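Chains as they are written, first to last, in my numbering: chain S, 627 to 959; chain U, 627 to 959. Glycine residues also receive a C-beta, built at the ideal position from the N, C-alpha and C atoms. Note that the structure is predicted; figures quoted are calculated from it, not measured. Heads up: the structure comes next, in structure tokens.
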DNA sequence: TTGTATGCGTTATCAC
DNA sequence: GTGATAACGCATACAA
């Protein structure tokens with residue numbers, strides 16, 4: 627495999643000149659430029675980025691850590707990140723953490739090992755303290771899920787308001803018995819969604835029935851389990867707000883298995899608006915996050931941190947939207 | 627950030643010795659080893675992989691090119707690849723090609739630029755010729771989708787047999803009017819699935835009605851469109867075999883919109899057994915690929931190619947399975 | 001406008 | 001067992 631030296635010899639110039647041509651330096655006679663280009667072509671030369679990056683102490687590579695590519699929620703976010711990255715000469719490296727902190731540290735090490743210029747977390751597993759420490763030495767951005775008080779930049783939506791609106795939507799449809807399927811993880815967004823739900827109930831002076839409170843893991847099965855338990859009782863809610871679409875769909879399935887029809891006998895609201903929310907029968911009323919925009923914003927923030935090491939941590943909140951579909955309808959009086 | 631030189635000075639040894647310690651060389655007195663380790667710890671030293679990889683002309687990084695992380699089908703495959711990679715000291719870099727050949731070439735360039743040791747394609751967009759040429763210079767493995775006659779290793783299932791069995795299942799349930807929703811892409815697997823379907827019909831001397839033949843893009847909407855058109859006619863099939871689960875789900879939705887119930891009035895078989903296939907109501911009869919195993923096999927093959935540059939191209943066919951669920955039932959007589 | 005020389009951080013060869 | 005040093009491929013400061 628040809629290297630820059632061979633190209634130089636073949637073109638009859640020095641390696642410096644070849645390097646200049648490769649880097650679009652204006653100080654090269656167009657004639658020599660041609661010579662170099664033809665040598666490059668002739669030899670099928672491909673610059674070795676290891677050498678280049680070592681010399682530049684920059685890789686133009688950004689790590690994107692996500693819990694799982696099985697979750698379709700992340701696809702559009704990643705697309706947004708990628709587009710901004712590519713438009714700025716960067717590549718991104720997607721890394722599956724499996725929500726495993728050890729696996730996450732494995733990838734963080736690649737950053738510390740100078741194989742990448744920065745890291746975007748879609749759902750950080752490490753603690754706020756670790757995150758803070760990391761961000762002191764390297765460009766770090768959190769996207770969607772984030773650790774509060776870590777003093778680390780993040781892009782997100784207002785989860786509190788979103789949950790508040792979702793719950794209020796159910797209340798305005800006449801529902802008074804409203805269950806909540808939350809999660810027992812320690813993400814701030816979870817707490818915020820829970821609080822938004824409580825706030826709406828409070829505002830309308832609706833009592834919160836603790837029996838209707840459930841905790842899942844964002845996945846389908848936990849929704850199904852919650853639904854199976856909850857809907858077996860006579861005193862069951864007429865509506866459920868689940869903080870993820872997959873859990874909402876699990877609830878609907880559990881309802882169907884008990885002969886309870888959605889939305890006739892039970893209204894269900896999800897969260898995230900994954901593509902399947904629209905494919906599902908009944909289609910799902912849910913909160914839509916501007917995922918592509920969130921990804922774009924996160925990568926732009928990353929570039930700012932890379933180019934300006936002293937760029938201060940900042941928090942970006944983008945607009946969400948309540949999407950009305952078939953899974954909710956007015957309560958029977 | 628400390629480098630190997632500073633560690634050496636701090637420990638009072640040469641850089642060579644530090645390097646030996648880092649690489650577990652047996653020829654180091656345990657006493658000096660301790661000194662070096664404590665220096666490493668004290669200085670918070672992290673080896674720079676750019677320097678190491680440049681010197682070693684090896685990165686222990688493998689590219690995995692997939693059309694889209696939005697497709698849940700790939701998740702388990704990637705998991706299989708990752709597990710084998712990590713167990714062998716490799717990392718993988720996931721790259722979204724968006725089924726775009728230019729984007730794919732962008733990532734292939736990273737390989738040519740020595741930033742990775744090899745590439746695994748989950749659905750190659752470049753031509754067989756390009757693939758062949760690439761594989762002559764670099765370790766290349768195809769996984770699931772592949773270009774035939776490229777002389778490039780691949781891991782897959784027997785798509786012909788799988789489709790044959792899926793169709794035969796419908797025939798044995800008494801269906802004689804069986805539609806096929808295929809795709810108009812140029813993947814060999816598509817042709818093979820189509821041929822499997824034809825073979826089954828032939829074997830049972832069932833005429834193929836070309837009006838019931840459709841071509842989608844593997845996505846939900848194309849399934850819905852096919853279903854909407856097909857099921858509007860009086861002369862409609864009693865069963866449909868779709869070569870992807872998302873298309874199958876689209877067909878079911880279209881049927882529901884026309885008051886046609888699955889499986890009572892229409893049986894539907896999908897392909898791939900994505901997680902929605904199980905969540906969906908009705909749950910989907912489909913072909914399950916051993917996705918994790920496929921990923922594992924692909925990465926093992928990659929390691930073989932990396933470690934043995936002359937390792938011959940080989941073709942691995944793993945076992946599929948027909949999964950029976952709610953979306954199929956006996957034809958009404 | 002071009003060439004020479006140096007260094008990025010590491011590993012590997014050789015000598016001791 | 002350990003150290004000195006060349007080499008990996010490239011970009012760049014400086015000289016010409």
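Can you find a CB in chain S that lies within less than 8 Å of the CB of residue 701(U)? As a working mapping, residue 701(U) is identified with position 75 in the second chain. Residue 701(U) has a beta carbon lying within less than 8 Å of a beta carbon in chain S.
Residue 767(S) versus residue 924(S) - alpha carbon distance: Here residue 767(S) corresponds to residue number 141 of the first chain, with the count starting at 1. Here residue 924(S) corresponds to residue number 298 of the first chain, with the count starting at 1. Rounded to the nearest angstrom, the two C-alpha atoms are 7 Å apart.
Any chain S beta carbon closer than 8 Å to residue 964(U):
Residue numbering for chain U in the displayed model covers 627 to 959; residue 964(U) lies beyond these limits and cannot be assessed.
**Message:** Which residues in chain S have a C-beta closer than 7 Å to the C-beta of residue 708(U)? List them in chain order.
**Reply:** Locating residue 708(U) in the second chain gives position 82, counting from the first residue. Within 7 Å Cβ-Cβ: 722.
Original post:
With respect to the beta strand (DSSP E) encompassing residue 644(U), which residues constitute its N-terminal and C-terminal limits?
Top reply: Here residue 644(U) refers to the residue found at position 18 when the second chain is read from its first residue. Segment 641-648 is the alpha helix (DSSP H) holding residue 644(U); no beta strand (DSSP E) there.
Unbroken alpha helix (DSSP H) run spanning residue 920(U), endpoints:
To locate residue 920(U), count along the second chain from 1; it is residue 294. Looking at the DSSP string, the run of the alpha helix (DSSP H) that includes residue 920(U) is 917-933.
Report task. Taking residue 882(U) as the query, report the chain S residues whose CB atoms sit under 9 Å from its CB, ordered along the chain. Result -> The residue you call residue 882(U) lines up with position 256 of the second chain. The contacting residues are 907.
Under the three-state DSSP convention, the category residue 753(U) falls into: On the second chain, position 127 is the one that residue 753(U) refers to. Note: residue 753(U) maps to coil in three-state DSSP.
query: Where does residue 768(U) fall in DSSP's three states?
result: Taking the second chain and counting its residues from 1, the one referred to as residue 768(U) is at position 142. Three-state DSSP puts residue 768(U) in a strand.
Would the beta-carbon of residue 799(S) fall within 8 Å of that of residue 742(S)?
Mapped onto the first chain, residue 799(S) falls at position 173. Mapped onto the first chain, residue 742(S) falls at position 116. Between residue 799(S) and residue 742(S), the CB-CB gap reaches or exceeds 8 Å.
* Interface residues of chain U facing residue 677(S) [CB-CB closer than 8 Å] -> The count along the first chain starts at 1 and reaches residue 677(S) at position 51. Neighbours of residue 677(S) across chain U, judged by C-beta separation under 8 Å: 680.
Quiz item: Nearest chain S C-beta to residue 694(U) closer than 8 Å, yes or no?
Solution: By 1-based counting over the second chain, the position of residue 694(U) is 68. Residue contact with chain S for residue 694(U): present (Cβ-Cβ distance below 8 Å to some residue of chain S).
Exercise. Whose Cβ in chain U lies nearer than 7 Å to the Cβ of residue 589(S)?
Worked result: Chain S is shown from 627 up to 959; residue 589(S) falls before or after that span and cannot be answered.
**Request:** Identify each residue in the segment 823-848 of chain U for which the Cβ-Cβ distance to at least one residue of chain S is less than 8 Å, and report them in chain order.
**Result:** Cβ contacts with chain S come from 846.
Expressed to the nearest angstrom, what Euclidean distance is found between the alpha-carbon atoms of residue 721(S) and residue 896(U)? The residue you call residue 721(S) lines up with position 95 of the first chain. The residue you call residue 896(U) lines up with position 270 of the second chain. Each residue's Cα considered, the two are about 30 Å apart.
- Alpha carbon to alpha carbon, what distance is there between residue 892(S) and residue 711(S)? Counted from its first residue, the first chain places residue 711(S) at position 85. Counted from its first residue, the first chain places residue 892(S) at position 266. Taking the straight line joining both Cα atoms gives about 44 Å.
(request) Starting from the beta carbon of residue 807(U), find every residue of chain S whose beta carbon is closer than 9 Å, and list them in chain order. (result) Counted from its first residue, the second chain places residue 807(U) at position 181. Within chain S, no residue comes near residue 807(U); the closest Cβ sits about 15 Å away, beyond 9 Å.
- Message: Against chain U, with Cβ distances strictly below 8 Å, would residue 734(S) count as a contact?
- Response: Within the first chain, numbered from 1, the residue matching residue 734(S) stands at position 108. So, not an interface residue.
- Could you tell me whether the Cβ atoms of residue 788(S) and residue 822(S) are closer together than 8 Å? Locating residue 788(S) in the first chain gives position 162, counting from the first residue. Locating residue 822(S) in the first chain gives position 196, counting from the first residue. Yes; because the gap between Cβ atoms is below 8 Å, this pair is in contact.
How would you call residue 652(S), buried or exposed, if buried means at least 16 neighbouring beta carbons within 10 angstroms? As a working mapping, residue 652(S) is identified with position 26 in the first chain. Its Cβ having fewer than 16 others within 10 Å, residue 652(S) is exposed.
Practice prompt. Answer yes if the segment 810-817 of chain S comes into contact with the segment 627-641 of chain U, meaning at least three C-beta pairs across the two stretches below 8 Å, and no otherwise.
Written response: The way I'd put it, the segment 627-641 of chain U doesn't touch the segment 810-817 of chain S; fewer than three beta-carbon pairs between them come closer than 8 Å.
Check: For residue 667(U), which option in 771(U), 629(U), 859(U), 902(U) has the closest C-alpha, if you only look at C-alpha atoms?
Finding: Locating residue 667(U) in the second chain gives position 41, where the first residue counts as 1. For residue 667(U), the closest alpha carbon among the candidates 771(U), 629(U), 859(U), 902(U) is that of 629(U).
Below 8 Å between beta carbons is the criterion; list the residues of the segment 910-942 of chain U that meet it against any residue of chain S, in chain order.
Against chain S - using a Cβ distance shorter than 8 Å - the segment 910-942 of chain U contributes no residues.
Neighbourhood of residue 816(S) by C-beta, 7 Å cutoff - its chain only, sequence neighbours within 5 removed: One-based indexing of the first chain puts residue 816(S) at position 190. Its chain contains 808, 809, 869 as the residues whose beta carbon lies nearer than 7 Å to that of residue 816(S), once the 5 sequence neighbours on both sides are disregarded; these appear in chain order.
Anticipated Cβ contact below 8 Å, residue 804(U) with residue 865(U), distance rounded: Counted from its first residue, the second chain places residue 804(U) at position 178. Counted from its first residue, the second chain places residue 865(U) at position 239. Yes, they are in contact, since the Cβ atoms of residue 804(U) and residue 865(U) sit about 5 Å apart, within 8 Å.
Beta-carbon proximity list for residue 660(S), same chain, < 7 Å, skipping 5 on both sides
On the first chain, residue 660(S) is found 34 positions in, with the first residue counted as 1. Exclusion of the five residues before and after residue 660(S) leaves no residue of its chain whose Cβ lies closer than 7 Å to its Cβ.
Rounded to whole angstroms, what is the Cα-Cα separation between residue 733(U) and residue 747(U)? Working through the second chain from its first residue, we reach residue 733(U) at position 107. Working through the second chain from its first residue, we reach residue 747(U) at position 121. Residue 733(U) and residue 747(U): Cα-Cα distance of roughly 11 Å.
Excluding sequence positions up to five away, which residues of its chain have a Cβ less than 8 Å from the Cβ of residue 855(S)? As a position in the first chain, residue 855(S) is number 229, starting the count at 1. So the list reads 840, once near-sequence residues are dropped.
Item to complete: Give the DSSP-derived three-state secondary structure of residue 849(U) in the structure shown.
Response: Numbered from its first residue, the second chain carries residue 849(U) at position 223. Three-state result, residue 849(U): helix.
Helix, strand or coil: which one does DSSP assign to residue 711(U)?
Within the second chain, residue 711(U) is the residue found at index 85, counting from 1. Helix, per DSSP.
Quick one: what's got a C-beta closer than 8 Å to residue 927(U)'s C-beta in the same chain, skipping five residues either side? Locating residue 927(U) in the second chain gives position 301, counting from the first residue. Setting aside the 5 residues that flank it on each side, residue 927(U) is surrounded in the same chain by 767, 779, 781, 940, 942, each with a C-beta closer than 8 Å to its C-beta; the list follows chain order.
Range covered by the alpha helix (DSSP H) that runs through residue 722(U): Here residue 722(U) is taken as the residue at index 96 of the second chain, counted from 1. Where residue 722(U) is concerned, there is no enclosing alpha helix (DSSP H), although the beta strand (DSSP E) it sits in stretches over 717-722.
- Message: Cβ closer than 7 Å: which chain U residues qualify as neighbours of residue 698(S)?
- Response: Taking the first residue of the first chain as position 1, residue 698(S) is located at position 72. Neighbourhood of residue 698(S) in chain U, by CB distance below 7 Å: 696, 698, in chain order.
Cβ-based neighbour list, residue 929(U), same chain, cut-off 8 Å, excluding 5 preceding and 5 following:
Taking the second chain and counting its residues from 1, the one referred to as residue 929(U) is at position 303. Annotation for residue 929(U): 710, 714, 716 place their beta carbon closer than 8 Å to its own, counting only its chain and skipping 5 residues before and after.
Do we get a CB-CB distance below 8 Å when we pair residue 673(S) with the residues of chain U?
Position 47 of the first chain, counted from the start, is the residue given in the question as residue 673(S). At least one CB of chain U lies nearer than 8 Å to the CB of residue 673(S).
- Message: At the level of alpha carbons, what is the spacing between residue 900(U) and residue 649(S)?
- Response: For the purposes of this step, residue 900(U) is taken as residue 274 along the second chain, with counting starting at 1. For the purposes of this step, residue 649(S) is taken as residue 23 along the first chain, with counting starting at 1. Rounded to whole angstroms, residue 900(U) to residue 649(S) spans 46 Å at the Cα level.
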